[in-house]
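Since the structure comes first, as structure tokens, the remarks are kept for the end.
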Amino acid sequence: MYCAKSLIVRLLFLARISEFSHQRSGLEKVILATMKMADGSTILRRNRPGTKAKDFSRWPDEPFEEMDSTLAVQQYIQQQIRREPANIDVILTPPDAQDEGVWKYEHLRQFCMELNGLAVRLQSECHPETCTQMTATEQWIFLCAAHKTPKECPAIDYTRHTLDGAACLLNSNKYFPSRVSIKESSVAKLGSVCRRVYRIFSHAYFHHRTIFDEFENETYLCRRFTAFVTKYNLMSKDNLIVPIMEEEGSGETDA
153 MYCAKSLIVR LLFLARISEF SHQRSGLEKV ILATMKMADG STILRRNRPG TKAKDFSRWP
213 DEPFEEMDST LAVQQYIQQQ IRREPANIDV ILTPPDAQDE GVWKYEHLRQ FCMELNGLAV
273 RLQSECHPET CTQMTATEQW IFLCAAHKTP KECPAIDYTR HTLDGAACLL NSNKYFPSRV
333 SIKESSVAKL GSVCRRVYRI FSHAYFHHRT IFDEFENETY LCRRFTAFVT KYNLMSKDNL
393 IVPIMEEEGS GETDA
């Protein structure tokens, strides 16, 4: 008796649901449409635990004006890089009315993050016993500024110290307390960071060319960095000793 009554109640409930599915009121339709819009527009832009490297950041692009976050500039730069890493002009073109100081700062942060990938690869053959100094060509030996008094360091140690020092400065609340506005005196410090991190490129190019080429063919990072510091006059052209832009130009001429 109880089972039969329960079955009847369930059948009546399903019938009522079926009826509602065919005869929804205007208000119900509005609510359902709104829910559908919310479902379609809510995108979790985060790499979940266990995500494979090849699937990182595989979410749809978002217009810059819709990026409602203090990290919008970083997100926009990374989005442009993911879309087409070889399109350096587009990556270095700021959105309309973007503060130039913040734009330069965020790009330099991004360069340092990506340079960690080159540093990891260099560890396979850039050993303290073989690369006892941070050198580029025979004319260039660099002193490490991470010590109380600048001194010579093995190249791999110089690389680590430089990236650590750059991270400390760029994350300093004293000089860069905000990601939406930066004092001109703090922006002036970016040039010295550029000069130091560029030496990682130059050492890799002149002493670990295979590793450099493999990394560069994937990321276009040295090309982008060279174009960046040239565009904003952050380094003297005399210090840009990796002839990567010249090689690119000569390749176009040959073609």
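Under this note's numbering, residues 153 to 407 are what the sequence shown spells out, in order. Just so it is clear, CB atoms sit at the ideal spot from N, CA and C, and this is done for glycine as well.
Asked, Found
"As assigned by DSSP and simplified to three states, the class of residue 383", "helix"
"Cβ-based burial, residue 275 [other Cβ within 10 Å; buried from 16]", "exposed"
"Three-state class that DSSP yields for residue 312 in the structure shown", "helix"
"Pairwise C-alpha distance: residue 239 and residue 222", "25 Å"
"Nearest-angstrom Cα separation, counted from residue 380 out to residue 370", "18 Å"
"Sequence ranges, beta strand (DSSP E) only - wholly within the stretch 310-372, length at least 3", "none"
"Rounded separation between residue 267 and residue 329 - CA only", "23 Å"
"For residue 282, the three-state DSSP class (helix, strand or coil)", "coil"
"Presumed contact (8 Å Cβ cut-off) between residue 286 and residue 355, rounded CB distance", "6 Å"
"Secondary structure of residue 204, DSSP reduced to three states", "coil"
"Where residue 393 falls: helix, strand or coil (DSSP)", "coil"
"Exposure label - residue 349; buried when at least 16 CB within 10 Å", "buried"
"Three-pair Cβ contact test at 8 Å for the stretch 323-343 versus the stretch 250-259", "yes"
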